[in-house]
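This report refers to the structure that appears directly beneath it.
Residue numbers (my numbering): 302 to 594.
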């Protein structure tokens with residue numbers, strides 16, 4: 302029979318991973334944060350802990366904040382755009398609309414524009430609904446300061462997030478149309494589904510070839526896709542999956558996982574295309590990751 306510390310940690314592990322991942326955008330770093338959380342948790346006198354969940358989240362948040370500042374320095378020397386690490390998620394994540402929205406690739410990129418403390422406060426308050434006093438303990442601020450940070454972060458996110466959260470049906474419809482256009486090479490169908498101001502970003506991490514700066518505009522994005530796919534010179538297969546709570550495509554070349562493409566959808570049109578090719582970021586695409594609130 303597990304001891305109380307282990308039991309509590311296992312009970313809340315998926316929640317802790319989700320908190321860490323939303324703060325970091327990296328599953329590998331989130332796993333490291335969970336290891337650090339566990340090492341600190343086993344040294345805690347449980348008789349002094351009133352709420353295991355809140356205490357564990359506090360440890361995880363502090364470790365994630367430390368890791369986030371290190372990640373910031375790493376991103377400065379990253380080759381090309383940095384995109385969040387995609388996660389293969391189960392259907393239950395998509396069913397929780399608020400959770401799916403919060404971990405979508407589009408929202409994770411919006412969270413990247415917050416300061417570390419703003420990101421922690423926004424995630425804990427707006428996604429996981431922790432009260433201000435609990436968040437204050439996690440980020441070493443007063444409750445009044447946390448309220449101000451939350452207000453500032455919320456306004457920042459509201460100005461940048463997708464204009465309307467796409468329903469699962471709308472997201473799947475856009476993805477199906479995009480997949481058909483890619484498979485048939487139909488440029489017109491691509492134009493029809495891309496917003497005029499669509500932005501395409503690629504993340505090869507300097508390991509795989511990818512666009513080194515954002516490509517803007519339906520014409521440029523459609524032609525780049527058409528030319529790029531025409532030059533593949535291998536057996537290309539596309540698989541529709543759930544990534545970060547939304548429909549996405551896995552591209553395989555000669556049966557080998559090559560890239561993951563996620564979409565941002567506004568008003569039924571694709572406004573963002575995020576192609577992750579860096580193999581170091583694709584390790585969580587072979588099995589589903591459990592996320593929860």
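Each residue gets a CB set at the ideal place from its N, CA and C atoms; glycine is no exception.
For the 8 Å CB-CB criterion, residue 368 and residue 317 do not form a contact. Boundaries of the alpha helix (DSSP H) around residue 316: 305-325. Residue 467 and residue 546 have their alpha carbons spaced roughly 11 Å apart. With respect to the C-alpha of residue 357, the residue from 370, 439, 397, 398 having the closest C-alpha is 439. Note on residue 579: 16 or more other CB atoms within 10 angstroms of its CB, so buried under the neighbour-count rule.
Per DSSP, residue 552 is not a residue of any alpha helix (DSSP H); the beta strand (DSSP E) it occupies stretches across 547-554. Distance from the CA of residue 437 to the CA of residue 361, rounded to the nearest whole angstrom, comes to 14 Å. If the five residues before and after residue 507 are omitted, its C-beta is found closer than 6 Å to the C-beta atoms of 380, all from its own chain and listed in chain order. Residue 446 has its alpha-carbon roughly 14 Å from the corresponding atom of residue 455.
Looking from the CA of residue 314, the closest CA among 327, 332, 303, 304 belongs to 332.
Here residue 576 is actually not in contact with residue 474; their C-beta atoms are around 20 Å apart, not less than 8 Å.
Given a length threshold of 4 residues, each whole run of the alpha helix (DSSP H) inside the stretch 387-418 is given here in chain order: 392-396, 398-404, 406-412. The closest CA to that of residue 479, considering only 496, 463, 464, is found on 496. Nearest C-alpha to residue 428 among 310, 387, 398: 398. Of the residues 472, 582, 384, the one whose Cα lies closest to the Cα of residue 543 is 472. Bridge pairing for residue 525: absent [DSSP]. The straight-line gap separating the alpha-carbon atoms of residue 348 and residue 339 is approximately 17 Å.
The beta-carbon separation of residue 565 and residue 407, rounded to 4 Å, stays under the 8 Å limit for a contact.
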